[in-house]
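Here the structure is laid out as structure tokens; the discussion comes afterwards.
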Amino acid sequence: MMMGSQTSAFLKENSLVFHKIIMVLLLTCTPESNTNDLLPSSSYHSSVLSSLNHLPFDGHLTFDNVQFAAKDFGGMFSSLPLAVLQPRSVSDISLAVRHVFELGPASGLTVAARGHGHSLHGQAMTRGGLVISMESLRWPKMRVFTGSSPFVEVSGGELWINILRETLKYGLAPKSWTDYLHLTVGGTLSNAGISGQAFRHGPQISNVYELEVVTGKGEIFTCSEKQNSDLFYGILGGLGQFGIITRARISLGPAAKRVKWIKVLYHDFALFSKDQEHLISLEKTFDYVEGFVMINRTGLLNRWRSSFIPKDPVQASRFTSEGKTLYCLELAKYFDPEESELVNQEVERLLSKLSYISSTLFLSEVSLLEFLDRVHISALKLREKGLWEVPHPWLNFLVPASQIKEFAGEVFGNILTDGINGPILIYPVNKSKWNNRTSLVTPPEDTFYNVGFLSSVPLSTGKDGLEHILAQNRKIIEFCDSKLRGTKRYLSHYSTQEEWKAHFGTQWEVFVRRKLEYDPLAILAPGQGIFEKRIQVTY
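Okay, so the sequence shown: first residue is 193 according to my numbering, each after it adds one.
Okay, here's the thing in structure tokens:
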């Protein structure tokens with residue numbers, strides 16, 4: 193058996209042949225393949241365990257108490273890893289990945305970087321492999337750089353909520369967010385990072401200056417738009433397939449102190465979507481635009497997913513949507529206290545152009561921190577009730593604006609007649625704000641909608657409840673695949689490589705080329721189910 197430097201030398205000497213074999217591997221194997229026959233023998237397994245255990249890590253490697261890494265927020269998949277590494281340095285991550293790479297394909301080992309465990313379909317898991325717990329990586333220490341182009345430099349395992357709290361001390365904040373801030377930088381940048389600011393600033397992956405990355409060969413690269421740009425754009429939205437993000441420089445902008453938080457309701461989807469698209473087309477508009485769909489809900493305002501408390505709770509308590517489908521437009525305007533009167537006038541002017549139900553204007557005012565961290569309040573309440581760790585069969589789409597009316601008519605009018613147990617998000621973004629060089633695939637139109645069905649399965653319903661929601665999800669997917677043009681899944685999960693090819697479309701060849709370049713043994717992020725670590729020579 194060749195190990196260490198011998199294996200490395202062998203790979204270099206036979207790189208052309210090996211490259212061709214792996215090309216065949218990546219283009220012919222499917223994620224649903226049965227790999228039980230490819231598992232190593234018990235004696236070889238023992239040698240792999242021993243070799244991992246003797247690596248000189250700064251952090252901690254454990255083969256016990258790894259069960260937490262076998263589950264995620266989605267609650268529908270489980271894969272028990274062989275070991276969990278809690279790194280203290282980038283060198284730890286590089287050492288671990290390089291070692292797995294040098295063991296070669298026969299080891300069967302793969303590596304999954306796990307952030308806050310908020311994936312939905314086991315994307316941060318690896319069966320019998322090595323999980324790297326990124327929240328343990330606290331180096332480099334967070335640093336804020338002020339100036340004409342301010343940025344914050346953070347570890348890939350840092351939580352966005354911690355970044356917000358630190359940058360606010362300097363009167364600054366990242367420009368783009370997700371709705372939930374208790375997620376890691378590496379996790380959201382591997383997908384996109386979308387919220388109500390994306391129409392103006394693009395997703396989080398469009399607001400990064402520089403990354404440090406450990407590739408599937410264990411090599412450490414610094415990359416940016418001008419340095420190792422192919423890797424930089426591949427990593428952003430790349431689903432963890434080309435490298436593990438260990439450091440990021442994130443663009444910052446001025447942070448206001450206060451937020452005027454507004455919600456209005458619509459009966460008519462056409463008016464609702466028209467107003468949304470109008471608002472995101474303006475140069476001077478709200479700082480945040482999102483939408484929700486509410487189907488046959490009672491206690492309407494109390495069910496909204498946030499800490500929103502209207503100034504007139506009596507008025508709000510009188511409003512219900514039982515027996516109706518209503519659309520909520522959620523808006524926010526950032527400001528400093530001395531600008532309050534001017535902002536009031538600006539908000540009134542913007543609202544006067546909208547066609548919402550006049551009796552459903554609900555207002556609130558909070559700090560910027562309270563607004564951006566609004567979903568966490570609901571999360572804490574759910575945890576207290578034991579309702580957080582339940583299955584979350586979420587489904588997310590990016591729908592072209594030209595198709596959104598047809599989408600809404602079928603999905604909200606026919607498939608989801610009783611709604612879902614959770615929020616339904618729907619809001620438009622401007623593609624011009626999204627960098628088209630990243631790995632993320634989007635619809636081929638200038639305006640498209642982010643639509644999210646954020647279902648939860650109450651414990652009392654058990655498996656039947658989950659199966660019901662999954663059946664609804666399949667109906668929505670089948671409708672989009674058969675009737676709508678250009679719709680793309682977001683936070684995707686597919687069963688076969690053919691489906692992944694269809695998802696990436698014309699970008700598939702670039703995606704495969706980058707995989708061959710930066711992770712030729714398909715070691716990284718096996719839970720995505722795109723590539724599988726095996727040798728299969730087929731022509």
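Just so it is clear, CB atoms sit at the ideal spot from N, CA and C, and this is done for glycine as well.
**Request:** Pull up the CB-CB distance for I397 and T630, whole angstroms please, since I reckon it's below 8 Å.
**Result:** One-based indexing of the sequence shown puts residue 397 at position 205. One-based indexing of the sequence shown puts residue 630 at position 438. Right, their Cβ atoms sit about 5 Å apart.
**Prompt:** Quick one: Cα of G644 to Cα of G314, how far?
**Reply:** Taking the sequence shown and counting its residues from 1, one reaches residue 644 at position 452. Taking the sequence shown and counting its residues from 1, one reaches residue 314 at position 122. Near 19 Å, if we compare the C-alpha coordinates of G314 and G644.
**Asked** Between L277 and chain B, is there a C-beta pair that is closer than 9 Å?
**Response** Among the chains of the structure shown, chain B does not appear; only one protein chain is present.
**Item:** With 16 other Cβ atoms within 10 Å as the buried cut-off, status of E350
**Value:** What you label residue 350 is simply residue 158 of the sequence shown in a count that begins at 1. Burial call: buried.
**Prompt:** Is the beta carbon of F478 sitting closer than 9 Å to the one on L523?
**Reply:** On the sequence shown, residue 478 is found 286 positions in, with the first residue counted as 1. On the sequence shown, residue 523 is found 331 positions in, with the first residue counted as 1. Yes, they are a contact pair.
**Message:** Is it buried or exposed, Q537, if we count other Cβ atoms within 10 angstroms and call 16 or more buried?
**Reply:** Taking the first residue of the sequence shown as 1, we reach residue 537 at position 345. That one is exposed.
**Message:** Give me the residue from L301, A316, L579, Y682 with the minimum Cα distance to G307.
**Reply:** Here the question's residue 307 lines up with position 115 in the sequence shown. Of the residues L301, A316, L579, Y682, the one whose Cα lies closest to the Cα of G307 is A316.
**Request:** Answer yes if the stretch 428-444 comes into contact with the stretch 576-593, meaning at least three C-beta pairs across the two stretches below 8 Å, and no otherwise.
**Result:** no
**Asked** Roughly how many angstroms separate the alpha carbons of P332 and E345, rounded to a whole number?
**Response** Here the question's residue 332 lines up with position 140 in the sequence shown. Here the question's residue 345 lines up with position 153 in the sequence shown. In a straight line, the C-alpha of P332 is about 8 Å away from that of E345.
**Request:** Go through its chain and collect everything with a Cβ distance to A262's Cβ below 8 Å, but skip five positions before and after it.
**Result:** On the sequence shown, position 70 is the one that residue 262 refers to. Here the set comprises S270, S271, L272, P273, M317.
**With 16 other Cβ atoms within 10 Å as the buried cut-off, status of E475** = The count along the sequence shown starts at 1 and reaches residue 475 at position 283. Under this definition E475 is an exposed residue.
**Prompt:** Does the distance from the C-beta atom of F424 to that of L457 stay below 9 Å?
**Reply:** Here residue 424 is taken as the residue at index 232 of the sequence shown, counted from 1. Here residue 457 is taken as the residue at index 265 of the sequence shown, counted from 1. No.
**Request:** Pick helix, strand or coil for T182, following the three-state DSSP scheme.
**Result:** Shown here, the chain extends from 193 to 731; a query on residue 182 therefore has no answer.
**Prompt:** If we call anything under 9 Å between Cβ atoms a contact, is I487 one with D565?
**Reply:** Locating residue 487 in the sequence shown gives position 295, counting from the first residue. Locating residue 565 in the sequence shown gives position 373, counting from the first residue. Taking 9 Å as the Cβ cut-off, I487 and D565 do not qualify as a contacting pair.
**Prompt:** With G430 and I618 assumed to form a contact (beta carbons below 8 Å), what rounded beta-carbon distance in angstroms separates them?
**Reply:** Along the sequence shown, one-based indexing puts residue 430 at 238. Along the sequence shown, one-based indexing puts residue 618 at 426. With 8 Å as the limit, G430 and I618 do not qualify as a contact, their Cβ atoms being about 26 Å apart.
**Asked** Are there 16 or more other CB atoms within 10 angstroms of the CB of F541, so buried, or fewer, so exposed?
**Response** To locate residue 541, count along the sequence shown from 1; it is residue 349. Looking at the sequence itself, residue 541 is Arg, so the reference to Phe does not match. Exposed, because fewer than 16 other Cβ atoms sit within 10 Å of the Cβ of R541.
**Item:** Residue environment, D673, which counts as buried when at least 16 other CB atoms sit within 10 Å
**Value:** Along the sequence shown, read from residue 1 onward, the residue named residue 673 stands at position 481. Classification of D673: exposed, given that the 10 Å Cβ count is below 16.
**V535 versus G388 - alpha carbon distance** = Looking up residue 535 in the sequence shown gives position 343. Looking up residue 388 in the sequence shown gives position 196. Cα-Cα distance, rounded: 19 Å.
**Asked** Among G578, H685, S556, which one has its Cα closest to the Cα of F589?
**Response** Here residue 589 refers to the residue found at position 397 when the sequence shown is read from its first residue. Nearest in C-alpha terms to F589, of all of G578, H685, S556, is H685.
**Item:** Status (buried if at least 16 other CB within 10 Å, exposed otherwise) for A440
**Value:** Position 248 of the sequence shown, counted from the first residue, corresponds to residue 440. Classified as buried, A440 has 16 or more neighbouring CB atoms from the shown chains inside 10 Å of its CB.
**Asked** Apart from the five residues just before and just after L381, which ones in its own chain have a Cβ nearer than 7 Å to its Cβ?
**Response** Here residue 381 refers to the residue found at position 189 of the sequence shown. Correct list, in chain order: Q396, I397, V400, L428, I437, A440.
**Message:** Tell me which residue opens and which closes the beta strand (DSSP E) that T407 is part of.
**Reply:** The residue given as residue 407 occupies position 215 in the sequence shown. That run of the beta strand (DSSP E) goes 400-407.
**Message:** Let's see if you can read the secondary structure: which residues bound the beta strand (DSSP E) around F563?
**Reply:** Here residue 563 is taken as the residue at index 371 of the sequence shown, counted from 1. That residue, F563, is in no beta strand (DSSP E); its alpha helix (DSSP H) goes 560-564.
**Asked** Given a threshold of 16 other Cβ atoms within 10 Å of its Cβ, counted over all protein chains shown, does A298 qualify as buried or as exposed?
**Response** Stepping through the sequence shown from its first residue, residue 298 is reached at position 106. Exposed, by the Cβ-count rule.
**Message:** Tell me the residue span of the alpha helix (DSSP H) that contains T477.
**Reply:** Sequence index remark: in the sequence shown, residue 477 carries index 285 (1-based). Taken as a continuous stretch (DSSP letters only), T477 belongs to no alpha helix (DSSP H), as it is neither H nor E.
**Request:** Determine the contact status of K725 and L322, defining contact as a CB-CB distance below 9 Å.
**Result:** Start at 1 with the first residue of the sequence shown, and residue 725 comes out as number 533. Start at 1 with the first residue of the sequence shown, and residue 322 comes out as number 130. Result no, Cβ atoms of K725 and L322 do not sit closer than 9 Å.
**CA-to-CA distance, V405 to K418, given in whole angstroms** = The residue labelled residue 418 in the question sits at position 226 within the sequence shown. The residue labelled residue 405 in the question sits at position 213 within the sequence shown. Each residue's Cα considered, the two are about 15 Å apart.
**Message:** Taking 6 Å as the limit between beta carbons, can you name the residues of its chain near F732, skipping five residues before and five after?
**Reply:** Only positions 193 to 731 of the chain appear in this structure, which leaves residue 732 out of reach.
**Under the three-state DSSP convention, the category K680 falls into** = For the purposes of this step, residue 680 is identified with residue 488 of the sequence shown, where counting begins at 1. Note: K680 maps to strand in three-state DSSP.
**Asked** Roughly how far, in whole angstroms, is the beta-carbon of S281 from the beta-carbon of D250, given that I think they are within contact range, below 8 Å?
**Response** The sequence position of residue 281 within the sequence shown is 89, counting from 1. The sequence position of residue 250 within the sequence shown is 58, counting from 1. Yes, S281 and D250 are in contact; Cβ-Cβ is about 5 Å, under 8 Å.
**Item:** Among L277, V336, S341, K525, the one whose alpha carbon lies nearest that of E327
**Value:** For the purposes of this step, residue 327 is taken as the residue at position 135 of the sequence shown. Taking only the C-alpha atoms, the option nearest E327 is L277.
**Prompt:** According to the neighbour-count rule (16 or more other Cβ atoms, all chains shown, within 10 Å of its Cβ), is S421 buried or exposed?
**Reply:** Locating residue 421 in the sequence shown gives position 229, counting from the first residue. So S421 ends up on the exposed side.
**Asked** How many Å lie between N627 and G394 at the Cα?
**Response** Here residue 627 corresponds to residue number 435 of the sequence shown, with the count starting at 1. Here residue 394 corresponds to residue number 202 of the sequence shown, with the count starting at 1. The straight-line gap from Cα to Cα measures roughly 8 Å.
**Prompt:** Which same chain residues, not among the five before or five after H695, have their C-beta less than 8 Å away from its C-beta?
**Reply:** Reading the sequence shown from its first residue, position 503 is the one you call residue 695. Excluding residues within five positions, the ones whose Cβ falls inside 8 Å are V633, K680, R681, S684, Y686.
**Message:** Rounding to the nearest angstrom, what Cα-Cα distance links I715 and V336 in this structure?
**Reply:** By one-based count along the sequence shown, residue 715 stands at place 523. By one-based count along the sequence shown, residue 336 stands at place 144. Distance between the alpha carbons of I715 and V336: 34 Å.
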